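Q: One structure coming up, written as structure tokens, with questions to follow.
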Amino acid sequence: MNLVEAAAGTGKTRTIAALYLRTVLQTEIQVRNILVVTYTHAATRELRERVRDLLLQAVGVFQHGDAGEDALLNHLAAIHPDSELAVKRLRRAIADFDEAAIFTIHGFCQRVLAENAFEGAQPFESELLTDERQFVGEVVDDFWRRNIYPANVLWVDWLQANGVDRPETLLNGLTNVTGKPYLHIAPLPEPKPPKILEDELQSCFQKLADDWSAQRDSVEKILLEDDRLNRNRYRVSSVAVWITQMDQLLKRSRPDFMALREFTRFDRFQASVISDRRSVKKGHAPPTHPFFESCDDFAECLENLEAIYQQRYRIFQRELYQYVVIELPLRKAERGALGYDDLLTRLQTALRSPHSGSLVEKLRSDYQVALIDEFQDTDPVQYDIFRKIYHGSDCPVFLVGDPKQAIYSFRGADVFTYLYARQDTTKQFSLEQNWRSVPQLVHAVNLLFERRADLPAFLLDEIDFSPAQPAPKQLPELTESGLAAPALTIWPLSREDDDNNKPIAKHRAGSLCVAATTTEITRLLALPAKIGEEPLHRSDIAVLVRTHSQARIVETAMREAGIASVRHSQESVYQTHEAVELERVLIAILEPNREARVRAALLTDFWGMDAASLQSFSSLELAWDARLAGFHHYHELWRTHGFMRMFREWTAVEGVYPRLLDFEDGDRRLTNLLQLAELIHGQERHCAGLNNLVTWFSEAMTRPPVRDDPSLLRLESDEDRVQIVTVHGSKGLQYPVVFLPFSWSGGLQVAGSERCIFHDISQGNAATVDFGSVDFEQHLAQACREELAENLRLFYVALTRARCRCYLAWGAVNDAATSAMAWLLHRSLDVVQDDFITALQTRFRAITDPEIFDTLERLAERSEGAIQVIEPSFEPNGLTTSDAVSKRPMAAREVDRKIDQTWRLTSFSALSTGHNTELPDYDHAQQRVLYDGERPDVFTFPRGARAGTCLHQVFEELDFSSPDADHRNAVIERVLKTHGYEAKWQDVVAQLVDRVLHVPLDPHGKLRLVDIQQSQRVDEMEFYYPFAAHDPQALKSAIQASADDAHIKSAIQQIELGSTAGFMHGFIDLVFEAAGRYYLVDYKSNFLGMNQDDYRPGLLKEVMEREQYVLQYLIYTVALHRYLKHRIPDYHYEEHFGGVYYLFLRGMDPALDNQCGVYYDRPGQALIGPLERLLGSAI
10 MNLVEAAAGT GKTRTIAALY LRTVLQTEIQ VRNILVVTYT HAATRELRER VRDLLLQAVG
70 VFQHGDAGED ALLNHLAAIH PDSELAVKRL RRAIADFDEA AIFTIHGFCQ RVLAENAFEG
130 AQPFESELLT DERQFVGEVV DDFWRRNIYP ANVLWVDWLQ ANGVDRPETL LNGLTNVTGK
190 PYLHIAPLPE PKPPKILEDE LQSCFQKLAD DWSAQRDSVE KILLEDDRLN RNRYRVSSVA
250 VWITQMDQLL KRSRPDFMAL REFTRFDRFQ ASVISDRRSV KKGHAPPTHP FFESCDDFAE
310 CLENLEAIYQ QRYRIFQREL YQYVVIELPL RKAERGALGY DDLLTRLQTA LRSPHSGSLV
370 EKLRSDYQVA LIDEFQDTDP VQYDIFRKIY HGSDCPVFLV GDPKQAIYSF RGADVFTYLY
430 ARQDTTKQFS LEQNWRSVPQ LVHAVNLLFE RRADLPAFLL DEIDFSPAQP APKQLPELTE
490 SGLAAPALTI WPLSREDDDN NKPIAKHRAG SLCVAATTTE ITRLLALPAK IGEEPLHRSD
550 IAVLVRTHSQ ARIVETAMRE AGIASVRHSQ ESVYQTHEAV ELERVLIAIL EPNREARVRA
610 ALLTDFWGMD AASLQSFSSL ELAWDARLAG FHHYHELWRT HGFMRMFREW TAVEGVYPRL
670 LDFEDGDRRL TNLLQLAELI HGQERHCAGL NNLVTWFSEA MTRPPVRDDP SLLRLESDED
730 RVQIVTVHGS KGLQYPVVFL PFSWSGGLQV AGSERCIFHD ISQGNAATVD FGSVDFEQHL
790 AQACREELAE NLRLFYVALT RARCRCYLAW GAVNDAATSA MAWLLHRSLD VVQDDFITAL
850 QTRFRAITDP EIFDTLERLA ERSEGAIQVI EPSFEPNGLT TSDAVSKRPM AAREVDRKID
910 QTWRLTSFSA LSTGHNTELP DYDHAQQRVL YDGERPDVFT FPRGARAGTC LHQVFEELDF
970 SSPDADHRNA VIERVLKTHG YEAKWQDVVA QLVDRVLHVP LDPHGKLRLV DIQQSQRVDE
1030 MEFYYPFAAH DPQALKSAIQ ASADDAHIKS AIQQIELGST AGFMHGFIDL VFEAAGRYYL
1090 VDYKSNFLGM NQDDYRPGLL KEVMEREQYV LQYLIYTVAL HRYLKHRIPD YHYEEHFGGV
1150 YYLFLRGMDP ALDNQCGVYY DRPGQALIGP LERLLGSAI
């Protein structure tokens, strides 16, 4: 094995591509047998492109002999003896490049497991999980049930008082420890059994309660009236509160840890506290009382038991971890699921098995050369995999990485594994020539990271810093008005009061440095500064931050300064403001009858109302009713056509996009909204029903999925904008100008934790988790040192992203003592290794601003002009980027060509009225009329689209043949409530349904809906069929010529047909089968009059013609006819098609048979056949 340490900017990716090229040129190894592994999909794509580009360049060089200034290709061309053979090998590699084995580490393991399932004793098929939290949650729930349900009530109360009140709280204790099977566990001392102390505490508590019951008045008199007490500590008003708290505590049957936590002054009742000299007046003896002694006894018992519980809780956490480590893989295996970490551990297990020899040999044969990129981000499992495959073999293996850039410990990367592997390699190479940054910047970084006081810059002795060498070629520099400036600018930060040694508040330092950043960016763009001969663009500038909250602060400042910027983020879109507001909108549309939900939706930025405008609007009865109807419409649209159709109509009708774009961050808001809509649309097919979809969305907001690239915030623009990037996100990237406004940021997250992960030096730097061992303080100190070491590596990565210039700030900011710059600039000469951080903090607390400035000035003097120390400027000098860039008035382009609008998705409405709609027909032509509230019946039931939608849903959800009246009434009650109708209509609708189901539809009385089983019907049958271009008049003429019924001829003659082509689309309310024949039904809630005579057949014919329903059912008949032809063997229209029923629901009555409210027709085959052929196929 070979190790290549590639410092920042030294051409690591180019080196890997060069090794790949040399393998192709110098051997007969195929590209499928050259393994290249990296750690992200983005890096994989870049490597594929870079390798392929280099192969293509090499072909040109070996064919034409001109590599220009490319030293590598010139060298390879000079030493290769046979150009024709070289070209042949290169062409073969390029032709086969689709087979190139360039993977992420997880992709490699997945490939090996899939192709070698038999040899590795692995399942042949498994589901790959992107998010394991559901499984982890199940395991934690199980652990909770096993350990909490049977536990002693005092132990459970103690856990609850300490915040462990539900299984979800235990998940926090698993952060950064799951997915690491290699973790050792520091041994914990076994606590004493708590039973004896629990009994003692209960006994003390009971005695205390008895004493209080008997002696409360005397205790209260002493505390309120005794002149000996110091009334500064025993204020009368405070004593009264304490007495009440004691009452509440002791009225219970057992100690309550939560009440004790809240009773912070319980100690004021203890004899030991009352006898303290601070509790009594000078020269006076303290008052005494048996109850005070009892309080001392109780407090002592409580302290002893809590100490045992603290130890027990550490055991509890360890057992949880061990249970998850063992149980989680079993749960996933039971369901045939694999997490990303399982890909690694399963391959490691296969390679460690006693029968792994054949698998190892096969992998060595399949992958004869291995190039492992970003090796500093490896971990013990990953390295063990490659070691098992290649150790002791003749296969060339190159491990390429840089320990100074190991910054992903939060993802499981372990730099100590790299250091161990370095000792395992036979040859080691270093790349130290920086091809990225200008020489001045290289020199400045070298000065910052040089070894001082015999202490390494990166804190760990194993990670040394070798000064980088500038590239021999000239790199473009950043100039201002033609003059070069220092490559590294340091802004010193001063305290507000020169005589005060109090550190600068972090919020103040952040505000100052962000303001200085926007000021300097504005100045550079307004000059404009140049990079070489090209002007500096906004996209040439990056502001690097540590956290997403810092990124948001910078983004806001950029927006206020008029600087176009874009924030690159690994945040989830589910955690944005737009997600919160979209959830409110979806809940309102889900439950449109709940006005509080609707009001909450209207107060979102999507509608733009404030409280005053909402109050004014809701007082307008008609307008408010129309708004509620709109929400009901969106609900029905969502229910029948899916989320995306509803979303598009909602955003268009309500003007959501323009409203969002009016905000200063409108692009960001709109991008988030559209991304959320796409995610919801994609999830819709996995969630049955609207409720489940909204529930899923709410859960995703609460616990955003991990390793889910589609839910990460997208860039709102790819225009020329300043880049705002986290340091972790910037890894592998480079920018001409870099700002580090939070370079002073310190603080160690692990400090103060109740558990820690550290590397145990006594165990060969084995990764170890400590839940509270006897050596916990030492282990925590080691974990703090490791975190500071990683902060130093993060700072190195941030600095080395810059090509031409870098800006940073430094000063005595709060918590800066544990920052990277504090260590680099102020580490002491006289500290011992075990006390690095404490010594650094002590030294930094005493440091003054002049001392800081002196340190910076001396650094600048040694830099020979590469570093300048200047006070930050916060004045924009009246310039903004918008002043520097001229703006042209914008206007929409004019359409100068005719757009063919005849080809489209069309419907009955489009043909008859020219209005294109894909909605189910819910009698939307009817106008809403107020009902007579004194006489609720089918004729006074509300009218219009909402009423029609409601009744349609009732019939859609009911089982016609079910005798269960209670279930039927429950459905009716729920649907009425969903659509906002009062309960008084329930009996009316129930009677209407009963009549409709029992009306005989045929003259013989044999065909009734109540006799139709669920298996015999299809509700809301949606159809599409190709629809050829037609002449509207020719279509009408053909229908009239083929129709036998004068009624159809008359109806068609009155219709004004539109001209269109494409696909016919519609919904048939009901299709059912009876006695081998198929019928289509359309429900009509139209109000035709106040008595049943208004629903007689003759009047219904007039309605059918007037409302153009005849054309509608001809279209439906053609759709059903085409459907049945493809579904029924030996289908014949005359034999299988039963006819068309239009049921006018308000007029139907079993007593009147089919002579009231029932319209029936069965168009002849002589009409349907030609009509189908005339419509023809559009494709």
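The numbering used here applies: residue 10 is where the sequence shown begins, and numbers increase by one. Glycine included, each C-beta is placed from N, C-alpha and C at the ideal position. Note that the structure is a prediction, hence the values are computed from the model and not measured.
Using a Cβ-Cβ cut-off of 6 Å (strictly less than) and excluding sequence neighbours within five positions of I1021, which residues of its own chain qualify?
A: Contacts found: F969, F1081.
Q: Where are the beta strand (DSSP E) runs, 3 residues long or more, that stay fully inside the stretch 43-120, in chain order?
A: Within the stretch 43-120, the complete beta strand (DSSP E) runs of at least 3 residues are 43-47, 110-113.
Q: Starting from P1035, trace the alpha helix (DSSP H) both ways and give me its first and last residue.
A: Unbroken run through P1035 is the beta strand (DSSP E), 1026-1036; no alpha helix (DSSP H).
Q: Take V1090 as the anchor and find which of K1110, Y1151, L1097 has the nearest alpha-carbon.
A: Per the Cα distances, Y1151.
Q: Report the rounded CA-to-CA distance for L1018 versus M1030, giving the unit in angstroms.
A: Distance between the alpha carbons of L1018 and M1030: 17 Å.
Q: Three-state secondary structure (DSSP) at P296?
A: Residue state, collapsed to three classes: coil.
Q: Looking at the unbroken alpha helix (DSSP H) that takes in V152, where does it start and where does it end?
A: With the sequence shown as reference, residue 152 is identified as Phe, and Val is not the correct amino acid for it. Segment 142-157, the alpha helix (DSSP H) holding F152.
Q: Ordered along the chain, which non-local residues of its own chain (more than five positions away) have a Cβ less than 7 Å from that of V869?
A: The displayed chain sequence assigns Ala, not Val, to residue 869. Same-chain partners within the cutoff: I876, Q877, V878.
Q: Let me know the alpha helix (DSSP H) ranges lying completely inside the stretch 179-266, each 4 residues or longer, listed in chain order.
A: If we require 4 residues or more, the alpha helix (DSSP H) runs fully inside the stretch 179-266 come out as 204-234, 245-259.
Q: Would you tell me roughly how many angstroms separate the C-alpha atoms of A1083 and L685, rounded to the nearest one?
A: Those two C-alpha atoms are separated by around 46 Å.
Q: Just checking, does the stretch 94-114 make contact with the stretch 38-49 on the three C-beta pairs under 8 Å criterion?
A: Contact holds: three or more Cβ-Cβ distances are below 8 Å.
Q: Count the CB pairs spanning the stretch 394-402 and the stretch 195-203 that are closer than 8 Å, and state whether there are at least three.
A: No: fewer than three Cβ pairs fall under 8 Å.
Q: Please classify V783: does DSSP put it in a helix, a strand, or coil?
A: In the structure shown, V783 sits in coil (DSSP, three-state: anything other than H, G, I, E or B).
Q: DSSP puts E543 in a beta bridge; with which residues?
A: Per DSSP, I540.
Q: Comparing alpha-carbon positions, which option in D470, G874, W444, R712 lies nearest P481?
A: Per the Cα distances, W444.
Q: If you run the structure through DSSP and keep just helix, strand and coil, what is I1189?
A: Because residue 1189 is not part of the residues shown, which for the chain are 10 to 1188, the question remains open.
Q: G1156: buried (16+ other C-beta within 10 angstroms of its C-beta) or exposed?
A: Classification of G1156: buried, given that the 10 Å Cβ count is 16 or more.
Q: Do you know how far the Cα of I689 is from the Cα of N700?
A: Their backbone Cα atoms lie some 13 Å apart in a straight line.
Q: Take D1170 as the anchor and find which of G1148, A1160, R31 has the nearest alpha-carbon.
A: Per the Cα distances, G1148.
Q: Ends of the beta strand (DSSP E) at Q877?
A: Residues 876-878.
Q: Specify whether the stretch 88-98 and the stretch 42-62 touch according to this definition: at least 3 beta carbon pairs, one from each stretch, less than 8 Å apart.
A: The stretch 88-98, when compared against the stretch 42-62, does not touch it at the 8 Å Cβ threshold.
Q: At what residues does the alpha helix (DSSP H) containing H1130 begin and finish?
A: Its alpha helix (DSSP H) spans residues 1118-1136.
Q: Using the Cβ count rule (16 or more neighbours within 10 Å means buried), how would you classify A223?
A: The residue is exposed, with fewer than 16 neighbouring Cβ atoms inside 10 Å.
Q: Tell me the rounded alpha-carbon separation between F845 and E873.
A: So the alpha carbons of these two residues sit roughly 31 Å apart.
Q: In the DSSP output, what is Y1168 paired with across the bridge?
A: Looking at the DSSP assignment, Y1168 forms a beta bridge with Y1151.
Q: Among all the DSSP beta bridges, which residues are the ones paired with T777?
A: Answer by DSSP bridge pairing, in chain order: H193, F767.
Q: In whole angstroms, what is the alpha-carbon distance linking G1098 and L1108?
A: For G1098 and L1108, the distance between alpha carbons rounds to 11 Å.
Q: With a cut-off of 8 Å on the beta carbons, I'd call P1035 and F1072 a contact; round off their distance for me.
A: Contact flag correct, Cβ pair sits at about 6 Å.
Q: Taking all protein chains shown into account, do 16 or more other C-beta atoms lie within 10 angstroms of the C-beta of Y158, making it buried, or fewer, making it exposed?
A: By the 10 Å Cβ count, Y158 comes out exposed.
Q: Alpha carbon to alpha carbon, how far is R606 from F948?
A: Cα to Cα, R606 sits roughly 31 Å from F948.
Q: What are the partner residues of C815, as DSSP defines its beta bridges?
A: In the DSSP output, where bridge partners are listed per residue, C815 has L497, V747.
Q: Can you give me the C-alpha to C-alpha distance between R61 and E673, rounded to a whole angstrom?
A: Rounded to whole angstroms, R61 to E673 spans 43 Å at the Cα level.
Q: Whole-angstrom Cβ separation of N681 and K986, contact assumed at under 8 Å?
A: The Cβ separation is near 33 Å, so there is no contact.
Q: Please return the same chain residues whose Cβ sits closer than 8 Å to the Cβ of Q279, not counting the five positions on each side in sequence.
A: So the list reads F301, C304, D305, A308, once near-sequence residues are dropped.
Q: Hey, which unbroken runs of the beta strand (DSSP E) at 3 residues or more fall wholly within the stretch 418-456?
A: Whole beta strand (DSSP E) segments, 3+ residues: 436-440.
Q: Using alpha carbons as the reference points, say which of F626, S581, P465, F71 lies closest to M710.
A: Checking every option, the nearest Cα to that of M710 belongs to S581.
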